[in-house]
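Line by line, the protein sequences are chains C and S. According to this note's numbering, the first sequence is numbered sequentially starting from 1. According to this note's numbering, the second sequence is numbered sequentially starting from 1001.
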Amino acid sequence: KAGVTQTPRYLIKTRGQQVTLSCSPISGHRSVSWYQQTPGQGLQFLFEYFSETQRNKGNFPGRFSGRQFSNSRSEMNVSTLELGDSALYLCASSPDRVGQETQYFGPGTRLLVL
Amino acid sequence: AQSVAQPEDQVNVAEGNPLTVKCTYSVSGNPYLFWYVQYPNRGLQFLLKYITGDNLVKGSYGFEAEFNKSQTSFHLKKPSALVSDSALYFCAVRPRSGNTPLVFGKGTRLSVIA
């Protein structure tokens, strides 16, 4: 089975722009979660989607949003980019709702905001 | 709120020696516990998890971890370290009840020296 894929792998944007990141989960997985990884804050939870519904949301401003499509693919959007949004954005999928399920991570999208 | 502590930012060990990466947690009840590893410019790879049953969990690449309820710890161990084990290791926890996301520790960088 193919693993979790994320596109693009690298992005450079300027302050004030917006960006959309894409995640394709492992085939058959219905849950997708997003995380932000930075050297200072470590891994921070952004959101979890299951069956096209947001099930959980982390403590991030409203500039961060996401959605999940009927084929379980997910996108996250960051509007009005700030320098502090520079990070590795990781997507993870699991077969069902998170709980005891193992989350499998993609390689991440590295975003640099200038 | 749940939290995970990885008290060592860096662990150095000689190749062939046993290694331990420490993790303690603060969660009500018995949580689900996970270990992940991250290699440079990669996403997180799942190593092992504790759900229930035997306190000693065996995982990928010869790693194991022991759940200690009284000490609220879930230390990662390997009997004989390899240079290729050098990476960033994350402990993560999720409560069994409620709709809460996976919470990660800050990570421990393991360096295995030949």
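Even for Gly, the Cβ is constructed at its ideal location relative to N, Cα and C.
Original post:
Taking Cβ to Cβ, would you say K1078 of chain S is nearer than 8 Å to P1018 of chain S?
Top reply: By 1-based counting over the second sequence, the position of residue 1078 of chain S is 78. By 1-based counting over the second sequence, the position of residue 1018 of chain S is 18. Result yes, Cβ atoms of K1078 of chain S and P1018 of chain S sit closer than 8 Å.
Original post:
Terminal residues of the continuous beta strand (DSSP E) containing S27 of chain C?
Top reply: Translated into positions along the first sequence, residue 27 of chain C becomes position 27. Careful: S27 of chain C lies outside any beta strand (DSSP E) and carries neither H nor E.
**OP:** Please look up how many angstroms separate the CB atoms of S94 of chain C and V4 of chain C, rounded, as I've assumed it's under 8 Å.
**Re:** As a first step, residue 94 of chain C must be located in the first sequence, where it is residue number 94. As a first step, residue 4 of chain C must be located in the first sequence, where it is residue number 4. Their Cβ separation, rounded to whole angstroms, is 10 Å, which puts S94 of chain C and V4 of chain C out of contact at 8 Å.
Original post:
Name the residues in the stretch 80 to 105 of chain C whose C-beta lies less than 8 Å from a C-beta of chain S; which are they?
Top reply: Cβ contacts with chain S come from L90, A92, V98, G99, Q100, T102, Q103, Y104, F105.
Original post:
By DSSP, does L11 of chain C sit in helix, in strand, or in coil?
Top reply: As a first step, residue 11 of chain C is located in the first sequence; it is residue number 11 there, counting from the start. Note: L11 of chain C maps to strand in three-state DSSP.
Original post:
So, using beta-carbon positions, are Q6 of chain C and L21 of chain C closer together than 8 Å?
Top reply: On the first sequence, position 6 is the one that residue 6 of chain C refers to. On the first sequence, position 21 is the one that residue 21 of chain C refers to. Yes, they are a contact pair.
**OP:** Return the residue from the list S:V1083, S:G1107, S:K1106, S:Q1071 that minimises the CA-CA distance to G1029 of chain S.
**Re:** Counted from its first residue, the second sequence places residue 1029 of chain S at position 29. Of the listed residues, the one whose Cα sits closest to G1029 of chain S is S:Q1071.
Original post:
Name the DSSP bridge partner or partners of E1064 of chain S?
Top reply: Position 64 of the second sequence, counting from 1, holds the residue named residue 1064 of chain S. DSSP lists S:K1058, S:K1077 as partners of E1064 of chain S.
Subject >> Reference K57 of chain C, options C:S33, C:N77, C:N71, closest by Cα >> reply: Numbered from its first residue, the first sequence carries residue 57 of chain C at position 57. Per the Cα distances, C:S33.
Original post:
Got a sec: is the Cβ-Cβ distance from E48 of chain C to anything in chain S below 8 Å?
Top reply: Here residue 48 of chain C corresponds to residue number 48 of the first sequence, with the count starting at 1. By the rule that beta-carbons nearer than 8 Å mark a contact, E48 of chain C touches chain S.
Subject >> Listed by chain order, chain S residues near N59 of chain C by CB distance under 9 Å >> reply: Residue mapping note: residue 59 of chain C aligns to position 59 of the first sequence, counting from 1. Those within 9 Å of N59 of chain C in chain S number zero; the least Cβ separation is about 11 Å.
Subject >> Residue environment, E48 of chain C, which counts as buried when at least 16 other CB atoms sit within 10 Å >> reply: Stepping through the first sequence from its first residue, residue 48 of chain C is reached at position 48. Around the Cβ of E48 of chain C, a 10 Å sphere holds 16 or more other Cβ atoms; the residue is buried.
Subject >> Sequence-distant residues of its chain with Cβ nearer than 6 Å to S1026 of chain S (five each side left out) >> reply: Working through the second sequence from its first residue, we reach residue 1026 of chain S at position 26. Cβ neighbours of S1026 of chain S beyond the five flanking positions: S1003.
Original post:
What in chain C is Cβ-close to R1042 of chain S, meaning under 7 Å?
Top reply: On the second sequence, position 42 is the one that residue 1042 of chain S refers to. What R1042 of chain S touches in chain C: P107.
Subject >> Neighbour list for F45 of chain C in chain B, Cβ cutoff strictly below 8 Å >> reply: The structure shown contains no chain B; its protein chains are C and S.
Original post:
By DSSP, does G1107 of chain S sit in helix, in strand, or in coil?
Top reply: Counting from 1 along the second sequence, the entry for residue 1107 of chain S is found at position 107. Secondary structure at G1107 of chain S: coil, using DSSP grouped into helix, strand and coil.
Original post:
Are the C-beta of F1063 of chain S and some C-beta of chain C separated by less than 8 Å?
Top reply: Taking the first residue of the second sequence as position 1, residue 1063 of chain S is located at position 63. Cβ-Cβ to chain C under 8 Å: no for F1063 of chain S.
Original post:
Going by Cα to Cα distance, which pick from S:A1114, S:T1108, S:I1113 is closest to W1035 of chain S?
Top reply: Position 35 of the second sequence, counted from the first residue, corresponds to residue 1035 of chain S. Checked all of S:A1114, S:T1108, S:I1113; the closest Cα to W1035 of chain S is S:T1108.
Original post:
Can you list, in chain order, the residues of its chain whose CB lies under 8 Å from that of K13 of chain C, leaving out five sequence neighbours each side?
Top reply: Indexing the first sequence from 1 puts residue 13 of chain C at position 13. Its chain contains V19, L81, L111, L112, V113, L114 as the residues whose beta carbon lies nearer than 8 Å to that of K13 of chain C, once the 5 sequence neighbours on both sides are disregarded; these appear in chain order.
Subject >> Expected contact under 8 Å - CB spacing of V1013 of chain S and V1112 of chain S to nearest Å >> reply: Position 13 of the second sequence, counting from 1, holds the residue named residue 1013 of chain S. Position 112 of the second sequence, counting from 1, holds the residue named residue 1112 of chain S. Rounded, the Cβ-Cβ distance is 6 Å, consistent with contact.
**OP:** Kindly indicate if chain S contains any beta-carbon less than 8 Å away from that of S33 of chain C.
**Re:** Taking the first residue of the first sequence as 1, we reach residue 33 of chain C at position 33. Among the CB atoms of chain S, one or more fall inside 8 Å of the CB of S33 of chain C.
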